[in-house]
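Residue numbers (the numbering used here): 63 to 473. Heads up, the beta-carbon is just placed ideally off N, CA and C, and yes, glycines get one too.
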């Protein structure tokens, strides 16, 4: 009970500082600059989804087995050192090539690439601590990162010109400092102690992870790809406003979702998927509750946090609530699919969502109906189509499992 209370309080603090951060960057940056910064962050998150998220799924799925065989997580540490070496070797080659061709793009590529790597480090450590029942460390790291984003950006704008690169740099510094704290805690509890066996094979990681790699990129592009599409087409201002307001809704649902997932996601792993049904019921209740609260106080919150250019479109925050909230459901279904060994279906669901999103945006652009009011529609439609088909697959498997169980009892 104390753990739940601490996690809840920590998430309240995180959402407060996230909202302060929104107030801060909407004060110093205009909508065009925000649109470009969200474009760059999307590139970084896409690289993370392609290269690193699948690796972390592999690590979390193999966590218990590696712990029991080696007495710690040293095999993961060894594998990640090799991964980091390969990544930064490739990164240096890209930077060198870019310096020759377009030197003015070097800063953007450097920020995007480094951000993607440290995002992986911090997320992997948080997921590992959470699944090892050290949730307090995770909560503290989220508080640290949220506070640091505000303090570092505010400090930087007092010495340098505020622009999209400065915003991303401040977030990167905050991420690194939070990662240092998590590394220190992993050292204190000797998380990476033990032997180097079993060795983590790159082939095993690839065979396990490539469905997630494709799925993660498709899912990320489906939800955030509009930034990559619309900014080059000249909709940077619209993207800046929409992304800012939807992030207010995302902050609200993410705060509640993280408390919920921290408490109950480990139960899906521990019960080998038997808890998934109850998890989904609770997730739906969480989503409905946050949506209703957002309708009630959303306009006031947007007025408090932003300027008049954003206030008129406050209802756009509901897109953030409903799309990010659905990830609470999708995440559980992906874990369940992983545990029953049917990862290739993740590709099909993700490709379906991406295809629907592209078709919706294509229609809006072709019919000249692209506007602030319609940007979020393709995201919402495509995401909930994924939820529908993933749940349909889950429900069918549950029925088949129950029927097989009844047949065995009768036999």
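Assign residue i to one of two classes, buried (16 or more other C-beta atoms within 10 Å of its C-beta) or exposed (fewer than that).
{"i": "residue 118", "result": "buried"}
{"i": "residue 376", "result": "buried"}
{"i": "residue 217", "result": "exposed"}
{"i": "residue 461", "result": "exposed"}
{"i": "residue 390", "result": "buried"}
{"i": "residue 411", "result": "buried"}
{"i": "residue 338", "result": "buried"}
{"i": "residue 288", "result": "buried"}
{"i": "residue 357", "result": "exposed"}
{"i": "residue 468", "result": "Caution applies to residue 468, whose pLDDT of 48 falls short of 50 and renders its modelled position unreliable; the model cannot decide the point."}
{"i": "residue 114", "result": "buried"}
{"i": "residue 374", "result": "exposed"}
Looking only at its own chain, which residues have a Cβ that is under 6 Å from the Cβ of residue i, when we skip the five neighbours before and after it?
{"i": "residue 191", "result": "199 and 200"}
{"i": "residue 459", "result": "none"}
{"i": "residue 345", "result": "390 and 391"}
{"i": "residue 328", "result": "193"}
{"i": "residue 52", "result": "The chain is shown only over 63 to 473; residue 52 falls outside these bounds and no answer can be derived."}
From this set, the options, which residue's C-alpha is nearest residue i's C-alpha?
{"i": "residue 78", "options": "170, 272, 206 and 129", "result": "206"}
{"i": "residue 317", "options": "102, 220, 392 and 348", "result": "348"}
{"i": "residue 181", "options": "288, 105 and 98", "result": "105"}
{"i": "residue 372", "options": "139, 157 and 309", "result": "309"}
{"i": "residue 89", "options": "225, 130, 124 and 122", "result": "225"}
{"i": "residue 145", "options": "324, 116, 417 and 397", "result": "116"}
{"i": "residue 253", "options": "264, 430, 186 and 175", "result": "186"}
{"i": "residue 228", "options": "409, 177, 246 and 271", "result": "177"}
{"i": "residue 437", "options": "303, 147 and 236", "result": "303"}
{"i": "residue 74", "options": "314, 124 and 164", "result": "314"}
{"i": "residue 350", "options": "170, 380, 183 and 168", "result": "380"}
{"i": "residue 269", "options": "325, 428 and 120", "result": "120"}
{"i": "residue 382", "options": "305, 365 and 124", "result": "305"}
{"i": "residue 246", "options": "184, 156, 424 and 422", "result": "184"}
What does a CB cutoff of less than 7 Å around residue i pick up in its chain, not counting 5 residues either side in sequence?
{"i": "residue 68", "result": "198 and 201"}
{"i": "residue 473", "result": "The predicted position of residue 473 is uncertain, since its pLDDT is 47 and thus under 50; no value can be drawn from it."}
{"i": "residue 82", "result": "212"}
{"i": "residue 108", "result": "279, 282 and 283"}
{"i": "residue 384", "result": "353 and 442"}
{"i": "residue 407", "result": "399 and 455"}
{"i": "residue 285", "result": "385, 441 and 445"}
{"i": "residue 388", "result": "445, 446 and 449"}
{"i": "residue 136", "result": "254, 255, 256, 257 and 258"}
Between residue i and residue j, is the Cβ-Cβ spacing less than 8 Å?
{"i": "residue 386", "j": "residue 444", "result": "no"}
{"i": "residue 101", "j": "residue 293", "result": "yes"}
{"i": "residue 232", "j": "residue 204", "result": "no"}
{"i": "residue 426", "j": "residue 378", "result": "no"}
{"i": "residue 255", "j": "residue 133", "result": "yes"}
{"i": "residue 234", "j": "residue 290", "result": "no"}
{"i": "residue 103", "j": "residue 188", "result": "no"}
{"i": "residue 394", "j": "residue 330", "result": "yes"}
{"i": "residue 149", "j": "residue 179", "result": "yes"}
{"i": "residue 141", "j": "residue 262", "result": "yes"}
{"i": "residue 240", "j": "residue 194", "result": "no"}
{"i": "residue 161", "j": "residue 76", "result": "no"}
{"i": "residue 367", "j": "residue 171", "result": "no"}
{"i": "residue 402", "j": "residue 335", "result": "yes"}
{"i": "residue 130", "j": "residue 153", "result": "no"}
Please work out which residues of its chain come closer than 8 Å, Cβ to Cβ, to residue i, disregarding the five sequence neighbours upstream and downstream, and give them in chain order.
{"i": "residue 447", "result": "414, 415 and 418"}
{"i": "residue 86", "result": "212, 215 and 216"}
{"i": "residue 453", "result": "342, 391 and 395"}
Closer than 8 Å, CB to CB, is residue i near chain B or not?
{"i": "residue 342", "result": "In the structure shown, chain B does not exist; there is a single protein chain."}
Under 8 Å: do the region 89 to 108 and the region 296 to 305 share three or more Cβ pairs, one atom per stretch? yes
Three CB pairs or more closer than 8 Å across the region 317 to 329 and the region 356 to 371: no
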